[in-house]
Each structure stands twice: as C-alpha cells, then as structure tokens.
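Following: one structure in structure tokens, then a few remarks.
In my numbering, the protein residues as written are 4 to 244.
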C-alpha cells in the first residue's frame with residue numbers, strides 16, 4: 004500500500020499496469036529493435052529469407068480396368084517452343100534419343116566434326132580375285148638371269164609354267180623309281196622284280212612323250228626354234244632335253 008498526498012491509500016499494483024504508462028514504452032522498444040544494426044544485417048542475408056517449398060505434382064488417379072476394357076494411349080506433352088537467345092536466331096529444341104537406346108552415329112555432330120569422325124571404308128579384296136603365286140628362291144634366281152640375258156617377262160612366264168607342268172609330270176617316274184629301288188634293296192622275288200622293271204620303263208617312255216608335247220607347245224608360245232640364242236639358253240638351263 005502507498006499513501007498519497009491526499010491521504011488516500013492505493014495498491015502498488017495499480018501503478019504497474021496503467022495503460023497510459025506501459026504502451027508508449029513498448030512502442031519505443033519495438034522501434035529501437037527494428038532500427039538496430041543487427042536487425043538490418045539479418046534482413047540483408049538471403050539465407051534467412053523464407054523460400055516457398057514446391058509440392059510434388061499429384062499423380063493421376065487410375066482405377067483398375069474391368070475385363071473387356073481397353074487402355075487409352077498416354078497423352079504426350081507438346082514439343083517445346085523455339086527459344087530466343089538475345090539477338091541470336093531461334094534455337095530449336097535439341098533432339099534427344101529415347102531412354103534406354105543408343106544414339107545414332109554422328110548424333111550431336113555437324114559439319115566438319117561429323118565428316119572427321121565418319122568411318123572410312125576399307126576396300127576389301129574380291130572373293131574370286133586370283134591370288135598371286137609366291138615365287139620360290141630358284142624361280143627368283145632364274146628370272147634374274149633371264150632378265151640379264153634380255154628375255155622378256157611374257158617369255159619368262161611361259162617357261163616357268165612349262166617347268167611347273169614338267170615337275171608335276173615327273174611324279175609318275177619318281178613313284179616307279181622308288182618301288183624299283185625298294186625291290187632291289189629288299190631282294191624281291193624275280194617275278195615281282197620283272198613287273199617293277201616293266202613299270203619303270205613304261206613311266207620313262209610316257210614321260211618322254213609328255214615332254215615332247217610340252218616342248219612343242221612352248222615353242223609355239225615363245226618361238227625358241229626361231230631364236231638360236233634363246234634355244235641354247237634353254238638347253239643350258241635344263242629346260243629342254
């Protein structure tokens with residue numbers, strides 16, 4: 004209790020809650036807080052601002068289909084409009100490959116870049132192209148000597164072909180010779196020996212006839228009978244005889 008000048012006594016609590024004295028002080032305090040430097044610093048910081056949170060779009064509600072009903076195709080959103088980049092030309096939306104598929108060759112490349120990265124076709128030899136025969140060391144030496152003697156390339160090819168056929172024709176003579184050699188070393192009976200000797204002589208005669216025919220064909224190709232120098236060379240090299 005507090006005594007006043009008039010002598011009346013009033014409670015202390017009535018002085019604390021007088022509206023005329025409390026609200027002006029509260030307004031002044033709020034103004035000082037709003038104008039303080041700390042309040043201005045908090046207002047300048049963007050991380051203190053409240054950003055609205057976007058809610059995810061609601062998925063369309065689909066009800067289970069009854070038996071006999073058909074599903075409707077999904078609606079595809081329209082393509083994006085070409086955008087303008089400042090004063091540049093309109094930029095068309097880029098084509099992107101579908102998810103789960105590989106982009107086509109040259110995707111995203113234009114002009115010189117696509118030309119540089121394009122695969123270069125490699126020429127493949129024809130399946131039916133004739134393969135060049137590999138020359139043996141003996142053939143290489145013979146051709147070198149014939150070239151030094153002035154023999155033409157076409158004539159050399161004809162002589163080499165004749166020698167190849169002659170080598171194949173001698174296979175019969177070689178087989179008869181091996182059988183006769185085996186009979187002599189193992190002392191075969193006389194009857195068997197006479198048969199093998201006759202086979203060997205027949206192979207020799209057949210080889211002579213074959214060689215005469217082959218030499219006549221070679222003469223018709225290169226005409227060695229009209230060129231004594233060429234004919235002498237063939238005899239010295241063992242081609243004729």
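C-beta atoms are modelled at their ideal positions from N, C-alpha and C, and glycine is treated no differently.
Bear in mind that the values here come from a model prediction, so they are computed numbers and not experimental data.
Nearest neighbour of residue i, chosen from the options [CA to CA]
{"i": "residue 209", "options": "182, 190, 176", "result": "176"}
{"i": "residue 179", "options": "202, 187, 195", "result": "202"}
{"i": "residue 182", "options": "195, 158, 172", "result": "195"}
{"i": "residue 218", "options": "207, 234, 206", "result": "234"}
{"i": "residue 216", "options": "158, 168, 137", "result": "168"}
{"i": "residue 241", "options": "136, 152, 138, 162", "result": "162"}
Delimiting residues of the alpha helix (DSSP H) encompassing residue i
{"i": "residue 220", "result": "193 to 225"}
{"i": "residue 234", "result": "231 to 239"}
{"i": "residue 183", "result": "174 to 188"}
{"i": "residue 145", "result": "140 to 151"}
Whole-Å CB distance - residue i paired with residue j, under 8 Å assumed
{"i": "residue 229", "j": "residue 237", "result": "That belief does not hold up - the Cβ atoms of residue 229 and residue 237 are roughly 13 Å apart, past 8 Å."}
Straight-line gap, residue i to residue j (C-alpha atoms, nearest Å)
{"i": "residue 190", "j": "residue 200", "result": "14 Å"}
{"i": "residue 193", "j": "residue 142", "result": "43 Å"}
{"i": "residue 226", "j": "residue 144", "result": "23 Å"}
{"i": "residue 156", "j": "residue 147", "result": "11 Å"}
{"i": "residue 166", "j": "residue 221", "result": "10 Å"}
{"i": "residue 231", "j": "residue 149", "result": "15 Å"}
{"i": "residue 224", "j": "residue 174", "result": "25 Å"}
{"i": "residue 207", "j": "residue 164", "result": "22 Å"}
{"i": "residue 184", "j": "residue 171", "result": "21 Å"}
{"i": "residue 140", "j": "residue 159", "result": "15 Å"}
{"i": "residue 186", "j": "residue 154", "result": "45 Å"}
{"i": "residue 212", "j": "residue 136", "result": "28 Å"}
{"i": "residue 214", "j": "residue 197", "result": "26 Å"}
{"i": "residue 239", "j": "residue 205", "result": "27 Å"}
{"i": "residue 188", "j": "residue 138", "result": "38 Å"}
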